[in-house]
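Be aware that the sequence shown starts at 394, since it is given in the numbering used here, and climbs by one per residue. All remarks here apply to the structure that follows.
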Amino acid sequence: MPLHLQAPRWLAHFNKRVTNRIQGKWAGTVPPYGVILHRGRKSGTIYRTPVVLLRARTGFAVMAGYGHHSDWIKNLEAAGTVDIQRRGETSTFNQILVASAPEALRHLRPIGRWVTKCLKPEWVVLMLEIEVA
Numbered sequence: 394m395p396l397h398l399q400a401p402r403w404l405a406h407f408n409k410r411v412t413n414r415i416q417g418k419w420a421g422t423v424p425p426y427g428v429i430l431h432r433g434r435k436s437g438t439i440y441r442t443p444v445v446l447l448r449a450r451t452g453f454a455v456m457a458g459y460g461h462h463s464d465w466i467k468n469l470e471a472a473g474t475v476d477i478q479r480r481g482e483t484s485t486f487n488q489i490l491v492a493s494a495p496e497a498l499r500h501l502r503p504i505g506r507w508v509t510k511c512l513k514p515e516w517v518v519l520m521l522e523i524e525v526a
C-alpha cells in the first residue's frame, strides 16, 4: 500500500480558521501561491482559500492535502467553475477534475510532476480548460 500525503483533520480546521486568514492577504500575489475563490454550496458565502498552485498544461493543479472531501473541493465541484487569483490577476477556469495523483500526472508540466511524485498526495484537484471571458 503506497504512502500518501494527507494531513490530519485537526490541522485542516486550524488552517481554515487561522493560517488561511493570514496567507490569504498575500497568497494571490506571490508565486507559487494563489487563492481559489469559491462560493459555499449551501451558504452562498464567498471563500478565499490560499493554495500552492502547480501549472498544468491548460490550467492549474492543487494537491488535496486533506483528502478529496474538503469543503473547498465540494464547493468547486458544485459550482463547475473556479476563479483563481495569481500574481495579482484573476482567471476563471471551467473544468474541475478531482483525480488520483497518478491520473493527474499526465496533465501536469514537468516541475508539477516532480513535486507530485515527491510529496505523494493521494488526490490532486485540476482546474483546466480555456479561460472563460
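Cβ coordinates follow ideal geometry from the N, Cα and C atoms, glycine included. All values derive from a computational prediction rather than experimental measurement.
Can you give the beta carbon distance from residue 427 to residue 479, rounded, assuming they're within the 8 Å contact cut? 4 Å
Inspect the CB distances between the stretch 409-421 and the stretch 451-458 and report whether three or more fall short of 8 Å. no
By DSSP, does residue 505 sit in helix, in strand, or in coil? helix
So, are the CB atoms of residue 494 and residue 483 less than 8 Å apart? no
Which word fits residue 471, buried or exposed, when buried means at least 16 other C-beta atoms lie within 10 angstroms of its C-beta? exposed
Answer with buried or exposed for residue 403, where buried requires no fewer than 16 other C-beta atoms within 10 angstroms of its C-beta. exposed
Quick one, which of 407, 429, 423, 490 has its alpha-carbon nearest residue 475's? 429
What residue from 486, 463, 456, 441 has the CA that sits closest to residue 512's CA? 456
Give me the Cα-Cα distance between residue 481 and residue 407, rounded to the nearest whole angstrom. 26 Å
Alpha carbon of residue 422 to alpha carbon of residue 436, nearest angstrom: 27 Å
Measure the beta-carbon distance from residue 519 to residue 506 and round it to whole angstroms, keeping in mind my assumption that it falls under 8 Å. That belief does not hold up - the Cβ atoms of residue 519 and residue 506 are roughly 13 Å apart, past 8 Å.
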